[in-house]
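Participant:
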Amino acid sequence: MDSFNADLHVHSPHSIAVSKSLDFDTMIETCKKKGLNILGTGDILQPKWLKYAKSKLEKNGSGAYSYKEVNFILQSEIEDADSVHEVVFFPDFDSVREVQSKLKPHSSNIMGDWGGRPIVNLSPPELVDLVTDSGAMIGPAHAFTPFKAIFRQNKFETLSECYQDSVSKISFLELGLSANTDLADKMDCLKNISFLSNSDAHSQSARSLGREFNRFDLDNPSFDEIRLALERKDGRKITLNVGLDPKLGKYYIMFCNNCRRRVVFETQKKAATSILNTTSISDDFITIYASDLKKAHDDYVINVSKNKITCPACAEELNKKHKIRLGVSERIQVISDHDHPIHPNHRPPYINIIPLVDVVRTVKGIKSHTSKTVLKTYNDLINTLGTEFSILIDVPLKEIKKKDENIAQIISALRSGEIEYTPGGGGSYGELKFEIE
Ligand SMILES: [Zn+2]
Ligand SMILES: [Zn+2]
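Residue numbers 241 to 677, in our numbering, belong to the letters of the sequence shown in order.
If you want it as structure tokens, here you go:
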């Protein structure tokens, strides 16, 4: 049995907002820097991308597809009639073609140039039945995000509510950037399902591709072996989920759907003379000051979940009513069964990471993640210390210190869980708060 790092949800230039320079060659460059062994192809149902993948991928004796030194799983994301995004893995090109022709009558964009993520007018159970009948595996994508996800606000609260009688055919659940195992294992209905942590990358940049990945124990990097691992059979398994600290994700906390300000709570500085909470508004945040933070937050979350809170910033500036919506952390708080995670025995550890590019950016005090200085330092670290994953997780701190004291300091804090973040929300990524000593 060997260990493989796999990022199983990416896209192609045939999905909107995807880098035009994304292809297998540019992806492979990033895989080498990061230490990724298996990638999803992304958008495999889109005719041009399917043709491209077919021309590049070779199938070896064990049934695994590869291009140069990276292995690929044929993969797509599909939006169903309930606006739930699903990740799909296919065993081979015959299965891809079969599903493509079965979906054609149900989708207006699947054969189009922008059909990378096809939209189909099938209910979640209908879609699950259709793809699994053709030998593919399926599960909900970025399950808790406020848009296009199974557990979004005012939508489903359990897996069976969504998939009904077909729930047993669901092979996995993808956590998404703003969730991790500690959050998702507060829900009883997820205890028997394997979690995937994938990047959903729209670009080949080292900050995007592989920002989340799964470490598998497999005999070989084929679809059949991944299936065994997701079913936890014959010793195949996921041994590690690795992903962004959820606070760095784009949808961790509550936000206004219109102005995209995030809602945060702070302790009232002065002794409160009134039981009423006070509010302040800045460009990015609505800050609510309260003396009893937990109670104020919990009450507010309940009211937001009932669609009862309008954005004070939009009301003041535009005289308009826009609702505050739950982020991933609060949505889980509302629909979970426990205050604390209860991990089933099969659940692998989850490591919260920060992309190394962002560590470098923070140390250099540079905002742009495409800055030449940042990329030069990033490449220099990779060339001397090893892959990004080994630098973040395994390389001894004294080795990193020899290269850069400050970078070593952040990685040390990351490994011991001592980093503070400004949480992301409403489409803005969280940021790392760090004082260089
Ligand atoms: Zn999606
Ligand atoms: Zn607003």
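Built from N, CA and C at the ideal position, the CB exists for glycine as well.
What distance in whole Å lies between the Cβ atoms of E465 and L458, which are believed to be in contact at a cut-off of 8 Å?
Facilitator: The residue you call residue 458 lines up with position 218 of the sequence shown. The residue you call residue 465 lines up with position 225 of the sequence shown. With 8 Å as the limit, L458 and E465 qualify as a contact, their Cβ atoms being about 4 Å apart.
Participant: Following a CB-centred definition, is A553 positioned closer than 6 Å to any heavy atom of ligand 2?
Facilitator: Here the question's residue 553 lines up with position 313 in the sequence shown. True, at least one ligand heavy atom lies under 6 Å from that Cβ.
Participant: When every heavy atom of ligand 2 is checked, does at least one fall within less than 6 Å of the C-beta of N498?
Facilitator: Position 258 of the sequence shown holds residue 498. Yes, ligand 2 has a heavy atom inside 6 Å of this Cβ.
Participant: Counting Cβ pairs, one atom from each stretch, are 3 or more of them under 8 Å apart for the stretch 247–259 and the stretch 439–452?
Facilitator: The stretch 247–259 is in contact with the stretch 439–452.
Participant: What three-state label does DSSP hand D353 in the structure shown?
Facilitator: Residue numbering aside, residue 353 sits at position 113 when the sequence shown is read from its first letter. If DSSP states are grouped into helix, strand and coil, D353 belongs with coil.
Participant: Just tell me which of E319, H346 and A419 has its CA closest to the CA of E570.
Facilitator: Along the sequence shown, one-based indexing puts residue 570 at 330. It is A419 whose Cα lies nearest to the Cα of E570.
Participant: Given that a residue counts as buried once 16 or more other Cβ atoms are within 10 Å of its Cβ, and exposed if not, what is S545?
Facilitator: Counted from its first residue, the sequence shown places residue 545 at position 305. When all chains shown are included, S545 counts as buried.
Participant: Taking only heavy atoms of ligand 1 into account, decide whether any of them is closer than 6 Å to the Cβ of H442.
Facilitator: By 1-based counting over the sequence shown, the position of residue 442 is 202. Checking the Cβ of H442 against ligand 1 gives no.
Participant: Going by DSSP, which residues form a beta bridge with T306?
Facilitator: Residue 306 sits at position 66 when you count from the first residue of the sequence shown. A quick correction: the sequence has Ser, not Thr, at residue 306. E298 and N311.
Participant: Using 8 Å as the cut-off, can you tell me whether the stretch 481–490 makes contact with the stretch 655–667, which would need three or more C-beta pairs spanning the two stretches below that distance?
Facilitator: Yes: the two stretches touch, three or more of their Cβ pairs being nearer than 8 Å.
Participant: Count Cβ pairs between the stretch 305–315 and the stretch 258–278 that sit closer than 8 Å; are there 3 or more?
Facilitator: Judged by Cβ distances under 8 Å, the stretch 305–315 makes contact with the stretch 258–278, as three or more pairs qualify.
Participant: At what residues does the beta strand (DSSP E) containing N543 begin and finish?
Facilitator: The sequence position of residue 543 within the sequence shown is 303, counting from 1. Unbroken run through N543 is the alpha helix (DSSP H), L533 to S545; no beta strand (DSSP E).
Participant: Which residue comes first and which comes last in the alpha helix (DSSP H) that contains F267?
Facilitator: As a working mapping, residue 267 is identified with position 27 in the sequence shown. Residue identity differs from the one stated: residue 267 is Met in this sequence, not Phe. M267 -> alpha helix (DSSP H) spans F264 to K274.
Participant: Going by the DSSP bridge assignment, what does N592 pair with across the sheet?
Facilitator: On the sequence shown, position 352 is the one that residue 592 refers to. BP columns for N592 point to G483.
Participant: Going by DSSP in three states, E639 sits in which element: helix, strand or coil?
Facilitator: Within the sequence shown, residue 639 is the residue found at index 399, counting from 1. Looking at E639 - three-state DSSP - the assignment turns out to be helix.
Participant: Going by DSSP, name the residue or residues bridged to H325.
Facilitator: Reading the sequence shown from its first residue, position 85 is the one you call residue 325. According to DSSP, which records beta bridges pairwise, H325 is partnered with E319.
Participant: Kindly identify the DSSP beta-bridge partner or partners of C496.
Facilitator: As a first step, residue 496 is located in the sequence shown; it is residue number 256 there, counting from the start. DSSP lists I564 as partners of C496.
Participant: With a cut-off of 8 Å on the beta carbons, I'd call S363 and D405 a contact; round off their distance for me.
Facilitator: Here residue 363 refers to the residue found at position 123 when the sequence shown is read from its first residue. Here residue 405 refers to the residue found at position 165 when the sequence shown is read from its first residue. Not quite, the Cβ-Cβ distance comes to about 12 Å (not below 8 Å), so this is no contact.
Participant: Give me the Cα-Cα distance between S522 and T550, rounded to the nearest whole angstrom.
Facilitator: Position 282 of the sequence shown, counted from the first residue, corresponds to residue 522. Position 310 of the sequence shown, counted from the first residue, corresponds to residue 550. S522 and T550: Cα-Cα distance of roughly 16 Å.
Participant: Between G379 and E639, what straight-line distance do the alpha-carbon atoms span, to the nearest angstrom?
Facilitator: One-based indexing of the sequence shown puts residue 379 at position 139. One-based indexing of the sequence shown puts residue 639 at position 399. Straight-line Cα distance between these residues: approximately 41 Å.
Participant: Does the stretch 381–394 come within contact of the stretch 278–296, defined as at least 3 CB pairs closer than 8 Å?
Facilitator: No contact exists between the stretch 381–394 and the stretch 278–296.
Participant: Quick check on DSSP: helix, strand or coil for F435?
Facilitator: In the sequence shown, counting from the first residue as 1, residue 435 sits at position 195. F435: strand per DSSP, three-state reduction.
Participant: Which value, in whole angstroms, describes the spacing of the CA atoms of F674 and K642?
Facilitator: Taking the first residue of the sequence shown as position 1, residue 674 is located at position 434. Taking the first residue of the sequence shown as position 1, residue 642 is located at position 402. The alpha-carbon atoms of F674 and K642 are separated by roughly 20 Å.
Participant: Tell me whether H562, by its Cβ, gets closer than 6 Å to a heavy atom of ligand 2.
Facilitator: As a position in the sequence shown, residue 562 is number 322, starting the count at 1. Yes.
Participant: Which residues mark the beginning and the end of the beta strand (DSSP E) in which S243 is found?
Facilitator: If you number the sequence shown from 1, residue 243 lands on position 3. Counting along the chain, the beta strand (DSSP E) containing S243 begins and ends at D242 to D247.
Participant: Rounded to a whole number of angstroms, what is the C-alpha to C-alpha distance between L423 and G567?
Facilitator: Looking up residue 423 in the sequence shown gives position 183. Looking up residue 567 in the sequence shown gives position 327. Taking the straight line joining both Cα atoms gives about 12 Å.
Participant: When burial is assigned at 16 or more other CB atoms within 10 Å of the CB, is S448 buried or exposed?
Facilitator: Counting from one through the sequence shown, the residue named residue 448 turns up at place 208. Burial call: buried.
Participant: Taking the C-alpha atoms as reference points, what is the distance between N454 and I651?
Facilitator: Position 214 of the sequence shown, counting from 1, holds the residue named residue 454. Position 411 of the sequence shown, counting from 1, holds the residue named residue 651. Approximately 20 Å, taken between the alpha carbons.
Participant: Return the residue from the list H583, C499, L415 and H537 that minimises the CA-CA distance to E557.
Facilitator: Here residue 557 refers to the residue found at position 317 when the sequence shown is read from its first residue. E557 has its Cα closest to that of C499, out of H583, C499, L415 and H537.
Participant: At 3 residues or longer, what runs of the beta strand (DSSP E) sit wholly inside the stretch 332–412?
Facilitator: Within the stretch 332–412, the complete beta strand (DSSP E) runs of at least 3 residues are 377–380.
Participant: What is the C-beta distance between F278 and I313, in whole angstroms, given that I count them as a contact (C-beta under 8 Å)?
Facilitator: Here residue 278 is taken as the residue at index 38 of the sequence shown, counted from 1. Here residue 313 is taken as the residue at index 73 of the sequence shown, counted from 1. At residue 278 the sequence reads Ile, which differs from the Phe that was named. About 6 Å separates the two Cβ atoms, so the contact holds.
Participant: Quick one: Cα of A381 to Cα of L415, how far?
Facilitator: Residue numbering aside, residue 381 sits at position 141 when the sequence shown is read from its first letter. Residue numbering aside, residue 415 sits at position 175 when the sequence shown is read from its first letter. Computed Cα separation, rounded: 7 Å.
Participant: With D422 as the anchor, note down where its beta strand (DSSP E) starts and where it stops.
Facilitator: Locating residue 422 in the sequence shown gives position 182, where the first residue counts as 1. Segment T421 to A424 is the alpha helix (DSSP H) holding D422; no beta strand (DSSP E) there.
Participant: Measuring from the CB of H251, is there a heavy atom of ligand 1 at a distance below 6 Å?
Facilitator: Taking the first residue of the sequence shown as position 1, residue 251 is located at position 11. Checking the Cβ of H251 against ligand 1 gives no.
Participant: In the DSSP assignment, the alpha helix (DSSP H) including K616 goes from what residue to what residue?
Facilitator: Looking up residue 616 in the sequence shown gives position 376. Start and end: K612 to L625.
Participant: Count the other CB atoms within 10 Å of the CB of I582; is the residue buried (16 or more) or exposed (fewer)?
Facilitator: Position 342 of the sequence shown, counted from the first residue, corresponds to residue 582. So I582 ends up on the exposed side.
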